[in-house]
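> Residue numbers (numbering that gives the first Met the number 0): 0 to 116.
The beta-carbon is built from N, C-alpha and C at its ideal position, and this holds for glycine as well.
Remember, predicted model here, so these are calculated numbers, not experimental data.
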Amino acid sequence: MTWVALEGREVVVVHTHRADGPAHATRTWVADADGATWIEAANPDRPFLHDLADRPQLELERGGAVLRCRASIVPNPAGHRRIRDLLAARYGWADCWIGLVADTRRSVAVRLECGDA
Numbered sequence: 000m001t002w003v004a005l006e007g008r009e010v011v012v013v014h015t016h017r018a019d020g021p022a023h024a025t026r027t028w029v030a031d032a033d034g035a036t037w038i039e040a041a042n043p044d045r046p047f048l049h050d051l052a053d054r055p056q057l058e059l060e061r062g063g064a065v066l067r068c069r070a071s072i073v074p075n076p077a078g079h080r081r082i083r084d085l086l087a088a089r090y091g092w093a094d095c096w097i098g099l100v101a102d103t104r105r106s107v108a109v110r111l112e113c114g115d116a
């Protein structure tokens, strides 16, 4: 059930880079609003979030395309409320299910401005 909830709808891959070079590939949900793409770091300790704080450029694999994006970490509590509302509206029952098995009370919103690679 958890796998279906996580993978049953659109999942994107975010590629971030550490200051010292190695890359992270992170699978995550995505929502579109306010002319931007939004993703969530489930908690402020997520490695890709630390990468973005140091280097806000990333690549986003979505729908067979790779987009170059610039990330803005949206401060809490407003950012947390925004991303939780967006993902709940987009993923419905799956978001409710994941909320039962994962603690997203400290999640962080990331707003992406993307263009073609």
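Among the residues of its own chain, which have a CB less than 8 angstroms from the CB of Gln56, if the five just before and after it don't count?
On the sequence shown, residue 56 is found 57 positions in, with the first residue counted as 1. Closer than 8 angstroms at the Cβ level, and outside the excluded window around Gln56, lie His16, Arg67, Cys68, Arg69, Ala70.
> What runs of the beta strand (DSSP E), each 3 residues or longer, lie entirely inside the stretch 3 to 45?
The stretch 3 to 45 contains these whole beta strand (DSSP E) runs: 11 to 16, 22 to 27, 30 to 32, 35 to 40.
> Can you name, in chain order, every residue of its own chain whose Cβ lies under 8 angstroms from the Cβ of Val11, other than the five neighbours on each side?
Stepping through the sequence shown from its first residue, residue 11 is reached at position 12. Arg26, Thr27, Trp28, Val29, Ile38, Leu59, Glu60, Arg61, listed in sequence order.
> My parser needs the beta strand (DSSP E) runs of 3 or more residues fully inside the stretch 48 to 88; what are they?
Whole beta strand (DSSP E) segments, 3+ residues: 56 to 61, 64 to 73.
> Quick check on this structure: which residue in Val107, Val65, Val100 has the alpha carbon closest to the alpha carbon of Asp84?
If you number the sequence shown from 1, residue 84 lands on position 85. Per the Cα distances, Val107.
> Quick check on the burial criterion: 16 or more other C-beta atoms within 10 angstroms. Buried or exposed for Gly78?
Taking the sequence shown and counting its residues from 1, one reaches residue 78 at position 79. Gly78 comes out buried.
> Report the rounded CA-to-CA distance for Val65 versus Val13, giving the unit in angstroms.
Sequence index remark: in the sequence shown, residue 65 carries index 66 (1-based). Sequence index remark: in the sequence shown, residue 13 carries index 14 (1-based). Rounded to the nearest angstrom, the two C-alpha atoms are 10 angstroms apart.
> Whole angstroms are fine: how far does the CA of Ile82 sit from the CA of Leu51?
In the sequence shown, the residue the question calls residue 51 occupies position 52. In the sequence shown, the residue the question calls residue 82 occupies position 83. About 17 angstroms.
> Taking Ala35 and Arg89 to be in contact with their CB atoms under 8 angstroms, please state how far apart those CB atoms are, rounded to whole angstroms.
Residue mapping note: residue 35 aligns to position 36 of the sequence shown, counting from 1. Residue mapping note: residue 89 aligns to position 90 of the sequence shown, counting from 1. Not confirmed; about 14 angstroms, so no contact.
> Just to check my reading of the structure: Phe47 and Ala40 have Cβ atoms closer than 8 angstroms, yes? What is that Cβ distance to the nearest angstrom?
As a first step, residue 47 must be located in the sequence shown, where it is residue number 48. As a first step, residue 40 must be located in the sequence shown, where it is residue number 41. That pair is a contact at about 7 angstroms.
> Look at the alpha carbon of Asn75 and the alpha carbon of Asp31, and state the distance between them as a whole number of angstroms.
Within the sequence shown, residue 75 is the residue found at index 76, counting from 1. Within the sequence shown, residue 31 is the residue found at index 32, counting from 1. Each residue's alpha carbon lies about 19 angstroms from the other.
> Indicate the three-state DSSP secondary structure (helix, strand or coil) for Trp96 in the structure shown.
The residue given as residue 96 occupies position 97 in the sequence shown. It is helical.
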